[in-house]
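Below: the structure, in structure tokens.
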Amino acid sequence: SQTIHQWPATLVQPVGSPLSLECTVEGTSNPNLYWYRQAAGRGLQLLFYSVGIGQISSEVPQNLSASRPQDRQFILSSKKLLLSDSGFYLCAWSGTVAYEQYFGPGTRLTVT
Amino acid sequence: SQQGEEDPQALSIQEGENATMNCSYKTSINNLQWYRQNSGRGLVHLILIRSNEREKHSGRLRVTLDTSKKSSSLLITASRAADTASYFCATDVWGGSQGNLIFGKGTKLSVKP
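Line by line, the protein sequences are chains U and Z.
According to our numbering, the first sequence is numbered sequentially starting from 1390.
According to our numbering, the second sequence is numbered sequentially starting from 13.
Right, here's the structure in full:
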């Protein structure tokens, strides 16, 4: 069966520090991968999606970047965090034919 | 502007009652999905209804889709305290990037024992 991992679960970082969040998927090949951010009490905002290694599409201009160095690994990064980067970050995967998305447990990021 | 808008924003009911949540959207879709999120956790896929379907059932869940009104509803029958969560609709927009979903802001459901 497929599983998706995210780490860390929580993170407190000062403004201006770098960020690296990692997401890995097991049990499937060539998944579509997604990074979302969820502000408190809000819906999900799609940040990045990837249909293959090295293929990243950005949905909104921002302080963040994403990379997919391996088929089942998706990384969200920032060189310098802003206060507005605080939120709940969710990684998800889907098949290339089916449309359901499967989410990881999320990372709670607080920028102080 | 938001593609999917859930209504109501919050809903509080007693255990055993039915819960109905609605979702409206603006543009043509390939399918509409409902997800559940427990507090502080990731989302869990509940059900997908395609644009050519009008109703779908899964256990205690019933989803309807009215493409003429661009709306969907999620009915949870005989609710349980464990159903307490936020529920989101998500649309797969026709002509959009394949598989990309647009999520609404969610309905927060509280089921009291």
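Note that the Cβ used here is the ideal one computed from N, Cα and C, for glycine as well.
Please read all numbers here as calculations on a predicted model, not as lab measurements.
- Taking 7 angstroms as the upper bound on Cβ-Cβ separation, chain Z lies near residues Ser1483, Tyr1488, Glu1489, Gln1490, Tyr1491, Phe1492, Gly1493, Pro1494, Gly1495 of the stretch 1481-1499 of chain U.
- Assignment of Asp1474 (chain U) by DSSP, reduced to helix, strand and coil, places it in the helix class.
- In the structure shown, the three-state DSSP call for Asp1460 (chain U) is coil.
- At least one CB of chain Z lies nearer than 8 angstroms to the CB of Gly1432 (chain U).
- The CB of Lys124 (chain Z) never comes closer than 8 angstroms to any CB in chain U; the least such distance is about 20 angstroms.
- With its beta carbon less than 8 angstroms from one in chain U, Gly116 (chain Z) belongs to the interface.
- Under a criterion of Cβ atoms nearer than 8 angstroms, the residues of chain Z adjacent to Leu1479 (chain U) are, in order, Gly54, Leu55.
- By the beta-carbon neighbour count (other beta carbons within 10 angstroms, threshold 16), Arg48 (chain Z) is buried.
- The beta-carbon of Leu1435 (chain U) is placed less than 8 angstroms from the nearest beta-carbon of chain Z.
- Membership of Ala22 (chain Z) in the beta strand (DSSP E) is indicated by the continuous run 22-26.
- Short of 6 angstroms from the beta carbon of Pro1420 (chain U), and not among the five residues preceding or following it, lie these beta carbons of its own chain, in chain order: Val1414, Trp1482.
- The beta carbon of Lys1469 (chain U) sits closer than 6 angstroms to those of Gly1405, all from its chain and outside the five residues before and after it, given in chain order.
- For Ala31 (chain Z), the three-state secondary structure derived from DSSP is strand.
- Cβ neighbours of Glu29 (chain Z) within its own chain (closer than 7 angstroms, five residues either side excluded): Ser91.
- Here Thr89 (chain Z) is near Arg72 (chain Z), since their CB atoms are less than 8 angstroms apart.
- Lys81 (chain Z) counts as exposed, since fewer than 16 other beta carbons sit within 10 angstroms of its beta carbon.
- Using a CB distance cut-off of 8 angstroms, Asn112 (chain Z) counts as an interface residue toward chain U.
- When the Cα atoms are used, Ala1455 (chain U) and Ile1445 (chain U) turn out to be separated by approximately 7 angstroms.
- Residue range 16-19 is occupied by the beta strand (DSSP E) that includes Asp19 (chain Z).
- Closest in alpha carbon position to Leu86 (chain Z), among Z:Asn50, Z:Val123, Z:Gln45, Z:Gly54, is Z:Gln45.
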